[in-house]
Amino acid sequence: LKLCLIKTNFAQSVMEPLLPGAGGKKPLKAPSPFGWWPLWQEIVPQDAEGGGTDKALLVANLGAGVMIGIRQGLSAIMTASLIFTTAGVPQLNDMFGMGISMMWFSSMISALWYGLFGRMQFGLIGINDVIGILWGTIGGQVGVALADDPSKIAPTQLAIIGVSTVLTGLASILFGQLGLGKLMLLFPAPVTSGFLGSIGLFIFKSALQIASGVHFRYLWPVS
626 LKLCLIKTNF AQSVMEPLLP GAGGKKPLKA PSPFGWWPLW QEIVPQDAEG GGTDKALLVA
686 NLGAGVMIGI RQGLSAIMTA SLIFTTAGVP QLNDMFGMGI SMMWFSSMIS ALWYGLFGRM
746 QFGLIGINDV IGILWGTIGG QVGVALADDP SKIAPTQLAI IGVSTVLTGL ASILFGQLGL
806 GKLMLLFPAP VTSGFLGSIG LFIFKSALQI ASGVHFRYLW PVS
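Numbered continuously in the working numbering, the sequence shown closes out at residue 848.
The structure is reproduced here in structure tokens:
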């Protein structure tokens, strides 16, 4: 644990040079009720020698922003497909188009919020495909439970997404205020690797279902 904390402190000084305690004579972020107030230097890099705009870094920032936007846009489509198409419920399948818009909007808001108040100027935040898998599984259970009243399937799924999103946000704020994020360093690497591998397998199976229009059990078509 001590070694992990030492590595964390070193990473903070290297990856977070604009935070208090990072050293140097650079302007530092001021804390805010939501995290940290942004600095102009994060958006428009300044030349350390001349004091003007560092055009090379500015172009790099713009290029990185475009690439991240493309990545987040594709991730939003994938997450929407996990939520609304994997369960094979017609009422949820009809929501796929709206689901893509929901994921795009969520990704935009989360990226804007972290860009303004985040602690790392190199950070990236957005929708998570893990929760998409969970919501897709819950959607299948909702379809079974409300098979006698299909008109309630779509509103129930939207209510589940909304409530779980609010609760997740509140829990994240609470864990952050209590400083519990460092406990994630204690997770063994094999556990994390296995978890990520299972996510990839599930996404691959979902891609096969969407491309073929056939429902799969594991990696075998069943209908």
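All residues carry an ideal CB built from backbone N, CA and C; glycine is no exception.
For residue j and residue i, the rounded distance between their alpha carbons
i, j, result
"Thr-817", "Gly-677", "44 Å"
"Phe-812", "Gly-806", "11 Å"
"Lys-654", "Gln-666", "10 Å"
"Leu-826", "Ala-832", "10 Å"
"Ala-779", "Ser-726", "16 Å"
"Gln-671", "Val-691", "20 Å"
"Lys-584", "Val-669", "There is simply no residue 584 to check, as the chain begins at 626 and stops at 848 in what is shown."
"Ile-798", "Tyr-843", "36 Å"
"Lys-830", "Ile-824", "10 Å"
"Ser-776", "Gly-688", "45 Å"
"Pro-715", "Trp-738", "34 Å"
"Gln-834", "Thr-762", "15 Å"
"Gln-637", "Phe-841", "Bear in mind that the predicted position of Gln-637 carries a pLDDT of just 45, short of 50, making it too unreliable to give a figure here."
Status (buried if at least 16 other CB within 10 Å, exposed otherwise) for residue i
i, result
"Ser-657", "exposed"
"Ala-770", "exposed"
"Trp-760", "buried"
"Gln-802", "exposed"
"Leu-717", "buried"
"Val-839", "exposed"
"Thr-704", "buried"
"Met-720", "buried"
"Val-847", "exposed"
"Gly-768", "buried"
Identity of the residue in the options nearest residue i by Cα
i, options, result
"Ile-828", "Ser-789, Ser-706 and Gly-804", "Ser-706"
"Thr-790", "Ser-735, Val-669, Ala-832 and Asp-719", "Ser-735"
"Gly-757", "Leu-741, Thr-710, Asp-719 and Gly-743", "Thr-710"
"Trp-849", "Asn-718, Met-728, Phe-742 and Val-669", "Only positions 626 to 848 of the chain appear in the structure, and residue 849 is not among them; the question remains open."
"Gly-822", "Phe-721, Leu-682 and Val-755", "Val-755"
"Gly-787", "Gln-716, Pro-775 and Gly-724", "Gly-724"
"Ile-693", "Gly-740, Pro-775, Met-720 and Val-714", "Gly-740"
"Ile-708", "Leu-737, Ile-785 and Met-809", "Ile-785"
Rounded distance between the beta-carbons of residue j and residue i, thought under 8 Å
i, j, result
"Ala-712", "Gly-765", "3 Å"
"Trp-729", "Ala-701", "5 Å"
"Gln-697", "Ser-732", "5 Å"
"Arg-744", "Gly-660", "6 Å"
Minimum length 4: unbroken alpha helix (DSSP H) runs contained in the stretch 652 to 720: 665 to 668, 680 to 709 and 715 to 718
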